[in-house]
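Residue numbers (our numbering), protein chains in the order written: chain A, -4 to 310; chain B, 1091 to 1390.
Just so it is clear, CB atoms sit at the ideal spot from N, CA and C, and this is done for glycine as well.
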Amino acid sequence: MDKSLTTPVSGPAISGPAGSRLQTGPQGKRPRKVLSSRNIIVYGALGLAAIYYLIPLYVMVVTSLKGMPEIRLGNIFSPPMEITFEPWVKAWAEACTGLNCDGLSRGFWNSVRITVPSVIVSIAIASVNGYALANWRFKGSEIFFTILIVGAFIPYQVMIYPIVIVLRELGLYGSLYGLILVHSIFGMPIQTLLFRNYFVSLPEELFKAARIDGAGFWQIYFRIMLPMSLPIFVVSMILQTTGIWNDFLFGVVFTRPDTYPMTVQLNNIVNSVQGVKEYNVNMAATLLTGAVPLIVYFVSGRLFVRGIAAGAVKG
Amino acid sequence: MAAHTQPGRPNQLFRNLNSKIASIPMMLTAVVIFLGGTIWTVVYSFTNSKLLPRLSFVGLEQYERLWDTPRWIVSIQNLATYGCLSLIFSLTIGFLLAALMDQKIRFENTFRTIFLYPFALSFIVTGLVWQWILNPEFGVQSVVRSLGWTSFTFDPLYNSDIVIYGILIAALWQGTGLVMCLMLAGLRGIDEDIWKAARVDGIPMWKTYLFIIIPMMRPVFVTTLVIIASGIVRIYDLVVAQTSGGPGIASDVPAKYVYDYMFFAQNLGQGFAASTMMLLAVAIIIVPWAYLEFGGRKRG
Chain A
-4 MDKSLTTPVS GPAISGPAGS RLQTGPQGKR PRKVLSSRNI IVYGALGLAA IYYLIPLYVM
56 VVTSLKGMPE IRLGNIFSPP MEITFEPWVK AWAEACTGLN CDGLSRGFWN SVRITVPSVI
116 VSIAIASVNG YALANWRFKG SEIFFTILIV GAFIPYQVMI YPIVIVLREL GLYGSLYGLI
176 LVHSIFGMPI QTLLFRNYFV SLPEELFKAA RIDGAGFWQI YFRIMLPMSL PIFVVSMILQ
236 TTGIWNDFLF GVVFTRPDTY PMTVQLNNIV NSVQGVKEYN VNMAATLLTG AVPLIVYFVS
296 GRLFVRGIAA GAVKG
Chain B
1091 MAAHTQPGRP NQLFRNLNSK IASIPMMLTA VVIFLGGTIW TVVYSFTNSK LLPRLSFVGL
1151 EQYERLWDTP RWIVSIQNLA TYGCLSLIFS LTIGFLLAAL MDQKIRFENT FRTIFLYPFA
1211 LSFIVTGLVW QWILNPEFGV QSVVRSLGWT SFTFDPLYNS DIVIYGILIA ALWQGTGLVM
1271 CLMLAGLRGI DEDIWKAARV DGIPMWKTYL FIIIPMMRPV FVTTLVIIAS GIVRIYDLVV
1331 AQTSGGPGIA SDVPAKYVYD YMFFAQNLGQ GFAASTMMLL AVAIIIVPWA YLEFGGRKRG
């Protein structure tokens, strides 16, 4: 999987200015012209597409740095004449949802308190599950796994109400613990699949050698499998962090207004009907909410791609 | 399982005990939540539960009422339109982008980063950005008008006839990067010799793609299709953020219908019936695929 995604080294034919190479005499492949019609079409199309994908980000940034008078006058694509950070401050600390006027910061910290434990719990469970499924199969384990994978395709709406009842019985409905549990449950299929496929791909001799040396289930997990599977842990952390941070449905169903995650609060701020619409504050708030997954994405780079590819295409 | 323990052999149940203990969360999730929860919802969809779930069966009444509700019909129509177009466009655009990326281009990583970053963002963020860009007072419409074309009209979010296309634009922006990545991985998996053979035979590039490469990539297309399709049925956050189902009910979707009936209208039976219909829609997509994929040969 990883191999097929890595960039092929671009041949010497394309790299470097073709002209200078011609003068040194004919060596290697014949260089292609940089401005061939093929290149113009390929790069032109990719460039246009890139602009389409970048415009919303650009509009968000630009709008969030303008004052309201300028927004009313100008168009949304023009860069700000006067850069102001006031919308950002306002979005973070003053924007109102309902009666609370302490801005998105509340939602941010709620989201942190939801995401961090959810990621840890779900990965801990899923990695042990995947390990058991890969190396310690027992009668029926594959059946449970199949149910789990098929369950990943069931629309959440089908299972939400039964979960509400279960959480209410457990006394967790409306609390952050309840939401953490829900995230761990719904992260399980894809995470278990990820870990199972990774552990299956490790050489079996390793496991057998440890068994002969007398190591047990947990010993092999902690002393052999865990240290060897750091990359897959990082991949699944990336997946879970962005996934849980971006969740809206579970947040809105399983928490109360004072524990709403950031996405829910953002939606309430922007789509609230009362008051004058402050588009610059809205866009600053939107950017703030998108910042965490974006940072994770830009920092992780290829690992993110690997994660979604591994999660999507079954190994 | 533990019924017949033979003398001298340890109890079956206790073999591999640690593994079984470690799998308890998975078993509970699979059986109680996924299987149990689904069955529970389907069973209760045949009752007339209102504020609280009650086991008083009324047969198919909830379903009859569901299909008599204009709002449900609208949301199904929206889902059908959105679903078909979204499938066609995201597969086409995703494949075209992947094919372009596969031309041994420079800056491949940069382009990939740009195409995929929207996928890292939530549907809420996506919906709010596009709500702003498509805002008729300030967004695309006003910009084009200020350039001199004063009769230009493009207000998908305020026109109930085309509102679903406004949502489609945002959804494609968010999701095509993923399709591109999957397709690119598929293209990279194609043997280089195929290309060489096609070139030797003098087959033009577009023909090679259309008649050789795409048929070879059938599994990738099928997997991508299933992923996109099951995402389509779920669409909820994007609509909530971008239009809140408006104007009126013009951009309602089944997932929103379910949520509103369960948690606002306090008509649980309707919510359960509607969510069972969603389940049915997913089953229609998944079952043939699972049968094709796993039915014939058994995999470990």
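Considering just the uninterrupted stretch of the alpha helix (DSSP H) at residue i, what are its terminal residues?
i, result
"Asp242 (chain A)", "From DSSP, Asp242 (chain A) is part of no alpha helix (DSSP H); its letter is neither H nor E."
"Pro1337 (chain B)", "Neither: Pro1337 (chain B) is in no alpha helix (DSSP H) and is coded neither H nor E."
"Val1253 (chain B)", "Val1253 to Arg1278"
"Leu1206 (chain B)", "Glu1198 to Ala1210"
"Trp131 (chain A)", "Premise fails: Trp131 (chain A) is in no alpha helix (DSSP H) and is neither H nor E."
"Ala1371 (chain B)", "Leu1358 to Ala1380"
"Phe139 (chain A)", "Ser136 to Gly146"
"Leu322 (chain A)", "Limits of chain A in this structure are -4 at one end and 310 at the other, which puts residue 322 (chain A) out of reach."
"Gln1167 (chain B)", "Pro1160 to Met1191"
"Asp1283 (chain B)", "Glu1282 to Val1290"
"Phe212 (chain A)", "Phe212 to Ile215"
"Trp1239 (chain B)", "That residue, Trp1239 (chain B), is in no alpha helix (DSSP H); it is neither H nor E in DSSP."
"Ile1111 (chain B)", "Leu1107 to Ala1112"
"Phe1213 (chain B)", "Phe1213 to Ile1223"
"Tyr1248 (chain B)", "From DSSP, Tyr1248 (chain B) is part of no alpha helix (DSSP H); its letter is neither H nor E."
"Tyr1351 (chain B)", "Pro1344 to Phe1353"
"Ser1412 (chain B)", "Coverage of chain B is limited to positions 1091 through 1390, which leaves residue 1412 (chain B) absent and any answer about it impossible."
What are the residues that DSSP puts in a beta bridge with residue i?
i, result
"Thr1298 (chain B)", "Note: Thr1298 (chain B) sits in no beta bridge, so no partner."
"Asn95 (chain A)", "A:Thr92"
"Phe1147 (chain B)", "B:Thr1137"
"Thr250 (chain A)", "A:Gly169"
Taking only the alpha-carbon atoms, compute the straight-line gap between residue i and residue j and give it to the nearest angstrom.
i, j, result
"Asn262 (chain A)", "Leu1218 (chain B)", "8 angstroms"
"Arg251 (chain A)", "Met1306 (chain B)", "50 angstroms"
"Leu171 (chain A)", "Val153 (chain A)", "22 angstroms"
"Tyr156 (chain A)", "Phe249 (chain A)", "10 angstroms"
"Gly1391 (chain B)", "Tyr1347 (chain B)", "Past the edges of chain B, shown from 1091 to 1390, lies residue 1391 (chain B), and the structure says nothing about it."
"Ile290 (chain A)", "Pro226 (chain A)", "19 angstroms"
"Leu99 (chain A)", "Val159 (chain A)", "26 angstroms"
"Asn1225 (chain B)", "Tyr1248 (chain B)", "9 angstroms"
"Glu1383 (chain B)", "Ile1280 (chain B)", "20 angstroms"
"Phe72 (chain A)", "Ile66 (chain A)", "10 angstroms"
"Arg16 (chain A)", "Leu30 (chain A)", "At Arg16 (chain A) the pLDDT is 47, less than 50, meaning the model places this residue with poor confidence; the figure from the coordinates comes in the next sentence. Distance between the alpha carbons of Arg16 (chain A) and Leu30 (chain A): 15 angstroms."
"Asp1291 (chain B)", "Leu1181 (chain B)", "28 angstroms"
"Lys61 (chain A)", "Pro74 (chain A)", "8 angstroms"
"Ile78 (chain A)", "Leu1268 (chain B)", "34 angstroms"
"Val1323 (chain B)", "Glu200 (chain A)", "44 angstroms"
"Val1426 (chain B)", "Ile1376 (chain B)", "As displayed, chain B neither begins before 1091 nor continues past 1390, which places residue 1426 (chain B) out of reach and without an answer."
"Thr237 (chain A)", "Ala1287 (chain B)", "43 angstroms"
"Phe1197 (chain B)", "Gly270 (chain A)", "46 angstroms"
"Ala1373 (chain B)", "Asn275 (chain A)", "43 angstroms"
"Gln1231 (chain B)", "Gln1152 (chain B)", "43 angstroms"
"Trp83 (chain A)", "Ile1214 (chain B)", "18 angstroms"
"Met1352 (chain B)", "Arg1289 (chain B)", "59 angstroms"
"Ala1112 (chain B)", "Ile239 (chain A)", "24 angstroms"
"Ile46 (chain A)", "Leu1206 (chain B)", "13 angstroms"
"Phe140 (chain A)", "Phe228 (chain A)", "20 angstroms"
When we look at the beta-carbon of residue i and count the other beta-carbons within 10 Å, is it buried (16 or more) or exposed?
i, result
"Leu1128 (chain B)", "Note that residue 1128 (chain B) is Thr in the sequence shown here, rather than Leu. That one is buried."
"Gln260 (chain A)", "buried"
"Lys1110 (chain B)", "buried"
"Ser1241 (chain B)", "exposed"
"Tyr1381 (chain B)", "exposed"
"Phe299 (chain A)", "buried"
"Tyr53 (chain A)", "exposed"
"Leu1169 (chain B)", "buried"
"Ala1082 (chain B)", "The structure shown does not extend to residue 1082 (chain B), since chain B spans only 1091 to 1390, so no value can be given for it."
"Phe148 (chain A)", "buried"
"Arg1144 (chain B)", "exposed"
"Val1148 (chain B)", "exposed"
"Phe1362 (chain B)", "buried"
"Glu1154 (chain B)", "exposed"
"Ala90 (chain A)", "buried"
Note down, in chain order, all residues in the segment 272 to 285 of chain A with a beta-carbon under 9 angstroms from any beta-carbon belonging to chain B. So the close ones are Tyr274, Asn277, Met278, Ala280, Thr281, Leu282, Thr284 and Gly285.
Return the residues of the segment 229 to 249 of chain A that lie within a Cβ-Cβ distance of less than 9 angstroms from chain B, sorted by chain order. Cβ contacts with chain B come from Thr237, Trp240, Asn241, Asp242, Phe243, Leu244, Val247 and Val248.
Could you run through the segment 38 to 51 of chain A and flag, in chain order, every residue whose CB is less than 8 angstroms away from some CB of chain B? Taking a C-beta cut-off of 8 angstroms against chain B, the contacting residues of the segment 38 to 51 of chain A are Tyr38, Ala40, Leu41, Ala44, Ala45, Tyr47, Tyr48, Leu49, Ile50 and Pro51, listed in chain order.
Can you pull out the residues from the segment 127 to 139 of chain A whose beta carbon lies closer than 7 angstroms to at least one beta carbon of chain B? Correct list: Ala127, Trp131, Phe133, Lys134, Ser136 and Phe139.
Taking any Cβ of chain A, which residues in the segment 1116 to 1129 of chain B have a Cβ under 8 angstroms from it, in chain order? Of all residues in the segment 1116 to 1129 of chain B, Met1116, Met1117, Thr1119, Ala1120, Val1121, Val1122, Ile1123, Phe1124, Leu1125, Gly1126, Gly1127 and Thr1128 have a Cβ within less than 8 angstroms of some Cβ in chain A.
Scan the segment 138 to 169 of chain A for residues whose Cβ lies nearer than 8 angstroms to a Cβ of chain B and list them as they occur along the chain. Listed in sequence order: Phe139, Phe140, Ile142, Leu143, Val145, Gly146, Phe148, Ile149, Pro150, Tyr151, Gln152, Val153, Met154, Ile155, Tyr156, Pro157, Ile158, Ile160 and Val161.
Taking a Cβ distance cut-off of 8 angstroms, strictly less, list which residues of the segment 1289 to 1300 of chain B are near chain A, in chain order. Taking a C-beta cut-off of 8 angstroms against chain A, none of the residues of the segment 1289 to 1300 of chain B qualify.
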